[in-house]
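First residue of the sequence shown: 606, per my numbering; consecutive thereafter.
Shown next, in structure tokens, is the structure this report addresses.
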Amino acid sequence: MPRYDFRCRACGATFELRRPMAQANDPAVCPQGHQDTVKLLSTVAVTGAASAGGAPQQAPSAGGGGGGCCGGGCCG
């Protein structure tokens, strides 16, 4: 089940809730009982797997082509 982060406008507390995606935008009550909360945007890394040095690795090409405009290696 997805996890969603919220912040309470009344007390400033941040908290997370696990709920179905269908309920992602439903109102949430903070642990102190305040109802004035906002859902926070999550940051998700969308990079390749990191190598031992921490740098992202490039995914291998499917056809083994050399690049160029068509990926076939004939133009560059």
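Yeah, the Cβ is synthetic: ideal placement off N, Cα and C, and Gly gets one too.
- Boundaries of the beta strand (DSSP E) around Thr642: Thr642 to Lys644.
- For Asp631, there is no enclosing beta strand (DSSP E), since its DSSP letter is neither H nor E.
- With contacts defined by Cβ atoms closer than 7 Å, Arg612 and Val643 form a contacting pair.
- Rounded to the nearest whole angstrom, the CA to CA distance from Ala633 to Gln640 is 7 Å.
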